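Written out below as structure tokens is the structure these notes cover.
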Amino acid sequence: MLYAIAWRQVFVDKSAKAMQQRIVGRLAPSPTGAQHVGNARTYMIAWLSARSQNGQIVLRIEDIDSPRVKLGAVEQIYEDLRWLGLDWDGEVLVQTRRLFAYEAALNKLKEQNLVYPCTCTRSDIERAASAPHGEHEGPTYPGTCTFRTIQEAESLTIPYAWRFRTEGRHCEFSDRFHGKVALNLADIGGDFVVWKSAGTPAYQLAVVVDDAAQGVTEIVRGDDLIPSTPRQLLLYEALTWSPPSFVHVPLVVGPDGRRLAKRHGDTRLCALRDRGVRAEALLGLLAHSCGWLDRPEPVRLRDLLPVFQLDTIPKHPFVLTAAALEAIGYNV
Ligand code: GLU
Ligand code: ZN
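Residue numbers (the working numbering): 69 to 400.
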């Protein structure tokens, strides 16, 4: 009898471990613009990380920000990913077809009284907020509408968003690239929007609902999204889902240290292709920038599997120069 219990314990432990080890990574491009060299570097790392752990990788088209979606950008994403040699498992998830799932999550937040209707406009918030704010985060929400109950939404005659109550909380998480990250919600915008007044889910909610639905266990993305992670962790907690692990990797910047933009030349992947760059040459440059190759020589994505490691990737952004692009065959 005792023996049977002990054996059962081992069995349970083993299957729990096997479940833990089933890695699911993801690629989550937005068709709001073309994919560029920076996206390629992040996708390369995400794919190699999942595949080198024998994991799966899923694809999601993040088109929920519909007004900004560019015509033909979705087709372009598939072309770019295939060109790089990236593949994925299972069905592609498309956000604009999943309104029902986001609504269900919003209802779960309402039931717990974790959200409230907010009628503030952007300029209301800017006027009322006093604290200085970061470049991307906007001002910290001053709490104007926190007094409102869920029920009051029904009597509102002006458009309103749903905001999540952060209650000045502090968040710590362990990033597999950056190590321990500690942030106060108040320093990254305070109470945040989960549902926009336009009637669509905000990025923070959609991304959590989708990562959970796709069974994602490992998120590899640009480190510009670090301030989003505490908000997403609050949503995981509220929705009682177990959060994935996070790997935030440095961005690709131009020689001026700013994130890739038009002024740095055309670094869209479609432009590279048009100007004679082969995918293997770009992958070689990027793999070299991650410390996996001694020289930026052409390489196929799958040939990077044995040399992939997170530890060798520099902690600072990768500076892409015109000379580096020319060296991989970019015809100016
Ligand atoms: N769709 C976002 C982007 O392309 C990524 C969001 C995420 O990785 O959480 O910037
Ligand atoms: Zn408000």
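C-beta: ideal position from N, C-alpha, C; glycine also. In this text the structure is predicted, and so the values were computed from the model without any measurement.
Check: Using the Cα positions of residue 217 and residue 232, report the straight-line distance between them to the nearest angstrom.; Outcome: 12 Å
Check: Could you check if residue 97 belongs to the surroundings of the ligand PLP, using beta carbon to heavy atom distance under 7 Å?; Outcome: This structure simply doesn't include the ligand PLP; it includes the ligand GLU and the ligand ZN instead.
Check: Out of 395, 390 and 369, state which residue places its alpha-carbon closest to the alpha-carbon of residue 113.; Outcome: 369
Check: Please say whether residue 287 and residue 94 have beta carbons closer to each other than 8 Å?; Outcome: yes
Check: Less than 7 Å separating the Cβ of residue 338 from some heavy atom of the ligand ZN?; Outcome: no
Check: Quick one: any contact between the region 321 to 334 and the region 153 to 167, if contact means 3 or more CB pairs under 8 Å?; Outcome: no
Check: State the CB to CB distance for the pair residue 251 and residue 320, rounded to an integer number of angstroms; the pair is presumed to be in contact (CB under 8 Å).; Outcome: Not a contact, Cβ separation roughly 24 Å.
Check: Once the 5 residues before and after residue 203 are set aside, which same chain residues still bring their CB inside 6 Å of it?; Outcome: With a pLDDT of only 48 at residue 203, under 50, the local geometry of the prediction cannot be trusted, and the value read off the model is given with reservation. Closer than 6 Å at Cβ, skipping near neighbours: no residue.
Check: On the three-state DSSP scale, how would you describe residue 260?; Outcome: strand
Check: Thinking just about the alpha-carbon of each residue, which of 367, 283 and 292 is nearest to the one in residue 126?; Outcome: 283
Check: Return the first residue and the last residue of the alpha helix (DSSP H) that residue 120 is part of.; Outcome: 105 to 120
Check: Can you tell me whether residue 337 is buried or exposed, with buried defined as 16 or more other CB within 10 angstroms of its CB?; Outcome: buried
Check: Residue 187: beta carbon under 7 Å from a heavy atom of the ligand ZN?; Outcome: yes
Check: For the alpha helix (DSSP H) that residue 324 lies in, which residues bound it at each end?; Outcome: Run containing residue 324: none; DSSP gives neither H nor E here.
Check: Could I get the ranges of all uninterrupted beta strand (DSSP E) runs contained in the region 227 to 258, with 3 residues as the minimum, in chain order?; Outcome: 229 to 232, 238 to 243 and 247 to 252
Check: Starting from residue 467, trace the alpha helix (DSSP H) both ways and give me its first and last residue.; Outcome: Nothing about residue 467 can be reported from this structure: the residues present for the chain run from 69 to 400 only.
Check: Would residue 357 be called buried (16 or more neighbouring beta carbons within 10 Å of its own) or exposed?; Outcome: buried
Check: For the ligand ZN, I want to know if residue 213 counts as a neighbour, meaning its beta carbon is within less than 7 Å of at least one of the ligand's heavy atoms.; Outcome: yes
Check: For residue 186, which of helix, strand or coil comes out of DSSP?; Outcome: strand
Check: I'd like to know whether the C-beta atoms of residue 239 and residue 182 end up nearer to each other than 8 Å.; Outcome: no
Check: Taking the CB atoms as reference points, tell me whether residue 180 and residue 280 lie closer together than 8 Å.; Outcome: no
Check: Assuming the contact rule is C-beta atoms closer than 8 Å, residue 350 and residue 294 should be a hit. Round their C-beta distance to whole Å, please.; Outcome: Not quite, the Cβ-Cβ distance comes to about 26 Å (not below 8 Å), so this is no contact.
Check: Keeping to the same chain, check which residues put their C-beta closer than 7 Å to that of residue 229; ignore five residues upstream and five downstream.; Outcome: 186, 261, 263, 264 and 265
Check: Let me know the secondary structure DSSP gives residue 287 once reduced to three states.; Outcome: strand
Check: By the three-class DSSP mapping on this structure, what secondary structure does residue 61 have?; Outcome: Here the chain covers residues 69 to 400 and nothing more, so residue 61 does not appear.
Check: Roughly how many angstroms separate the alpha carbons of residue 400 and residue 107, rounded to a whole number?; Outcome: 21 Å
Check: Which whole-angstrom value describes the C-beta separation of residue 367 and residue 352, a residue pair presumed to lie in contact below a C-beta threshold of 8 Å?; Outcome: 5 Å
Check: Is residue 355 closer than 8 Å to residue 372 when the C-beta atoms are compared?; Outcome: yes
Check: Does the distance between the C-beta of residue 301 and the nearest non-hydrogen atom of the ligand GLU fall short of 7 Å?; Outcome: no
Check: Note the first and the last residue of the continuous alpha helix (DSSP H) segment covering residue 356.; Outcome: 347 to 357
Check: Using a Cβ-Cβ cutoff of less than 7 Å, which residues in the same chain neighbour residue 120 once the five nearest sequence positions on both sides are dropped?; Outcome: 373 and 376
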